[in-house]
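Each remark here refers to the structure printed beneath this line.
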Amino acid sequence: MTPRPPASERLDRAELLTAALHIADTDGLDAVTLRRVATAFNVTPMALYWHFKDKNALLDALVERVLSELSGEPDLRTEMTALLHVLRAHPTLADLMPIRLLRTEPGLRLADRVIGLLRAAGHTPEAAAQLSIFLLTGLISLVTNQPGEMSVPDPAQRESLLAEKRAKLKSLSPQTYPHLTETVDFFLGLPDEDAYYSRGIALLLDGAAGGGPVSSRPSGGSV
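Residues in the sequence shown are numbered consecutively from 1, following the UniProt record's numbering.
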């Protein structure tokens with residue numbers, strides 16, 4: 001009788017990542033541990049070391065997993081829209097992107113595509129690299145700072161914080177804060193998410209279109 005392979009070899013990497021991604025989406029990044037994922041498969045954490053040597057490797061793999069959903073787009077707007085779709089689907093992973101994006105092959109390909117599109121638009125290599133960073137951090141900020149959302153894993157605590165914010169803003173005087181009180185509901189939630197993200201992408205792309213190289217500025221004086 002052929003010996004049964006060890007648990008580490010029987011585990012499917014893609015299935016492990018699906019489980020880890022579900023944990024991240026529902027319970028936050030702090031809950032993503034080798035032990036938690038192993039428990040979902042009724043194995044010991046050591047069985048996962050065949051695929052991920054530690055939590056850092058697991059988080060890198062999660063970033064690689066979600067970025068692999070990107071197929072490459074012909075223009076900057078559709079590329080940014082595709083990336084935003086991925087970030088919105090997995091908002092808890094958004095904060096991992098600045099540090100871990102260039103640690104993965106899909107992230108390297110994404111960065112190269114974006115820089116290439118910016119170079120094709122006439123930007124210098126330096127400007128294109130910097131603008132690619134601004135675009136990425138801008139998209140992340142749109143997701144992580146979406147009105148009405150808080151990156152607090154505990155639902156009760158999150159609702160309590162939102163309730164406090166709502167009470168504070170609703171108590172403002174219209175005479176003292178006429179414009180803020182007129183728009184207060186937009187700081188508590190989004191009546192139209194598509195409009196919010198469309199404006200955000202438009203703002204970022206308009207900025208990238210006008211962001212010339214720093215060396216073109218006159219020396220001296222204020223910025």
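Beta carbons: idealized from backbone N, C-alpha and C, even for Gly.
- Annotated three-state conformation of Pro147 is coil, per DSSP.
- Your pair Leu142 and Leu131 does not check out as a contact, with CB atoms roughly 16 Å apart and the cut at 8 Å.
- Nearest neighbour of Ile140 by Cα position, chosen from Val86, Pro125 and Arg35, turns out to be Val86.
- The C-beta distance from Val43 to Ile23 rounds to 15 Å, too long to fall under 8 Å, and the pair is not in contact.
- Secondary structure at Gln175: coil, using DSSP grouped into helix, strand and coil.
- In its chain, beyond the 5 residues on either side, Leu17 and Phe52 have a beta carbon closer than 7 Å to the beta carbon of Ala61.
- Contact between Met80 and Leu135 holds, since their C-beta atoms are separated by about 6 Å, short of 8 Å.
- Straight across, the Cα-Cα distance linking Arg103 with Thr176 is about 49 Å.
- By alpha-carbon distance to Ile99, the top candidate from Ala167, Ala111 and Asp25 is Ala111.
- The alpha-carbon of Met97 is positioned some 15 Å away from that of Asn145.
- In this structure, Pro106 places its C-beta atom within 8 Å of the C-beta atom of Ser68.
- Distance from the CA of Asp154 to the CA of Thr92, rounded to the nearest whole angstrom, comes to 13 Å.
- Judged by beta-carbon spacing, Leu203 lies beyond the 8 Å limit of Tyr196, meaning their Cβ atoms are not closer than that value.
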